[in-house]
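Residue numbers (my numbering): 78 to 188.
Note that beta-carbon positions come from the ideal geometry of N, C-alpha and C, so glycine has one too.
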Amino acid sequence: MPETRALIDALATNLGEALGAMTGLAVRTMPAAGEVRVQWQAELEVGGSGVGTVFVGLSQEGATQLVAAILGDPSLVADADIVDSLKELLGQAAGAYANGPGKGLTVKVQT
């Protein structure tokens, strides 16, 4: 899949934009620096003009911070909230990519 890097970069940017739209905050996504322990992973299936699988991984702390931005309090974040929020945000990010620079691709968040 030749446009893999563009897809990953766009998903990260669109994920930040989706979170910003939900919270009213300015959100900027950045690649992890150093070692990251992935405790939450989402699979995105790519089809259409490109075929493959992309995995998005977050640490427990990163996933909790992401959902706490929506709920307003980290102590309120449960595992089910992380699952639901990741599916929703990644679905929005994937849709924005597939309807924008990724025309011809389909991107589906696996459940």
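So, helix, strand or coil for residue i, using DSSP?
i: GLN118; result: strand
i: LEU102; result: coil
i: GLY168; result: helix
i: GLY97; result: helix
i: VAL184; result: strand
i: VAL154; result: coil
i: VAL133; result: strand
Counting only the same chain and skipping the five closest in sequence on each side, list residues whose C-beta sits under 8 Å from that of residue i.
i: ARG105; result: GLY93
i: LEU102; result: LEU96, ALA146
i: ASP121; result: Position check: residue 121 holds Leu in this sequence, whereas Asp was assumed. Closer than 8 Å at Cβ, skipping near neighbours: LEU88, THR130, VAL131, PHE132, VAL133, LEU167, ALA171, VAL184, LYS185, VAL186, GLN187.
Could you check how far apart the C-beta atoms of residue i and residue j are, in whole angstroms? I think they sit under 8 Å.
i: GLY134; j: VAL160; result: About 14 Å separates the two Cβ atoms, so there is no contact after all.
i: ALA146; j: THR100; result: 5 Å
i: LEU88; j: ALA170; result: 5 Å
Let me know if residue i comes out buried or exposed under the rule of 16 or more other beta-carbons within 10 Å of its beta-carbon.
i: SER48; result: Not covered by the structure: residue 48. The range shown for the chain is 78 to 188.
i: GLY181; result: exposed
i: GLY149; result: exposed
i: VAL186; result: buried
i: GLY179; result: buried
i: VAL113; result: exposed
i: LEU166; result: buried
i: LEU153; result: exposed
Select from the options the residue whose C-alpha is nearest the C-alpha of residue i.
i: ALA140; options: GLY129, LEU121, TRP117; result: TRP117
i: ILE85; options: GLN142, LYS164, SER152, THR130; result: THR130
i: THR183; options: GLY125, ALA119, THR81, ALA83; result: GLY125
I'd like to confirm something about residue i: is its beta-carbon nearer than 6 Å to some heavy atom of the ligand ADP, or not?
i: THR130; result: Annotation note on the ligand ADP: not contained in the displayed structure, which lists no ligands.
By Cβ distance below 6 Å, which residues in the same chain neighbour residue i in space, the five residues on each side in sequence not counted?
i: GLN137; result: GLN116
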